[in-house]
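Report on the following structure.
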Amino acid sequence: MKITFLTVGKTTNQYLIKLQEEYQNRLKFYIPFETVVIPELKNTKNLSVNEQQEKEADLILKAFEANDEVILLDERGKQYTSVGFSEFMAKKMLASHKRMIFVVGGPYGFSERVYQRANGKISLSSMTFSHQMIRLIFTEQLYRAMTILKGEPYHHE
21 MKITFLTVGK
31 TTNQYLIKLQ
41 EEYQNRLKFY
51 IPFETVVIPE
61 LKNTKNLSVN
71 EQQEKEADLI
81 LKAFEANDEV
91 ILLDERGKQY
101 TSVGFSEFMA
111 KKMLASHKRM
121 IFVVGGPYGF
131 SERVYQRANG
141 KISLSSMTFS
151 HQMIRLIFTE
161 QLYRAMTILK
171 GEPYHHE
């Protein structure tokens with residue numbers, strides 16, 4: 021199974037970029053992993069929140085293939101402990117999915133069409149984090165999950 025991390029908009033903070041890249045590079049020893057960035061919408065001043073969500077939905081949905089397992093990173097999703105998330109990943113890795121896509125939406129979240137296509141939702145915290153920080157937090161937690169599954173000491177550092 022390949023994991024794709026799909027995000028709307030790029031990270032601009034160089035410190036966060038470096039840390040995220042470090043975990044992305046570490047992940048490649050455990051599982052095929054890629055990050056795909058959908059560019060932020062331009063000229064959104066005259067668009068309503070709903071119109072922005074729908075335009076982003078067009079771009080997000082275009083990135084999916086029919087058999088993809090799609091998991092949204094969403095504040096209304098299920099929360100896991102790190103060990104619980106590793107168990108979730110273990111189950112998904114045993115399923116016959118060719119590709120699993122984790123998605124971070126734009127600043128106003130997902131349109132209803134994206135929710136309808138998704139196979140699940142995960143919340144990384146009850147707190148709110150910036151879209152740039154959540155990318156680093158997710159990538160680190162995915163790496164942590166892989167080390168837990170391998171019985172490596174990282175989780176206890």
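According to our numbering, the sequence shown is numbered sequentially starting from 21.
C-beta atoms are modelled at their ideal positions from N, C-alpha and C, and glycine is treated no differently.
Note that the structure is predicted; figures quoted are calculated from it, not measured.
For residue i, does the count of other Cβ atoms within 10 angstroms reach 16, so buried, or fall short, so exposed?
{"i": "T31", "result": "buried"}
{"i": "T27", "result": "buried"}
{"i": "R96", "result": "exposed"}
{"i": "F49", "result": "exposed"}
{"i": "E132", "result": "exposed"}
{"i": "S145", "result": "exposed"}
Compute the beta-carbon to beta-carbon distance between residue i and residue j, rounded to the nearest angstrom, for a pair I have assumed lies under 8 Å.
{"i": "Q73", "j": "G129", "result": "7 Å"}
{"i": "G126", "j": "E76", "result": "5 Å"}
For residue i, which of helix, strand or coil comes out of DSSP?
{"i": "I168", "result": "helix"}
{"i": "I142", "result": "strand"}
{"i": "T64", "result": "coil"}
{"i": "I37", "result": "helix"}
{"i": "M120", "result": "strand"}
{"i": "I80", "result": "helix"}
Can you give me the Cβ contacts of residue i inside the same chain, cut-off strictly under 8 Å, excluding the 5 residues immediately before and after it?
{"i": "R46", "result": "Y163"}
{"i": "K22", "result": "I51, P52, F53, E54, K118, R119 and M120"}
{"i": "A110", "result": "L169"}
Near residue i, what residues of its chain come up, given a Cβ to Cβ distance below 6 Å and the 5 sequence neighbours on each side ignored?
{"i": "T101", "result": "none"}
Take residue i and list the residues in its own chain whose beta-carbon comes closer than 7 Å to its own, dropping the five residues that flank it on each side.
{"i": "N33", "result": "Q152"}
Using beta-carbon positions only, say whether residue i and residue j come within less than 8 Å of one another.
{"i": "K98", "j": "I142", "result": "yes"}
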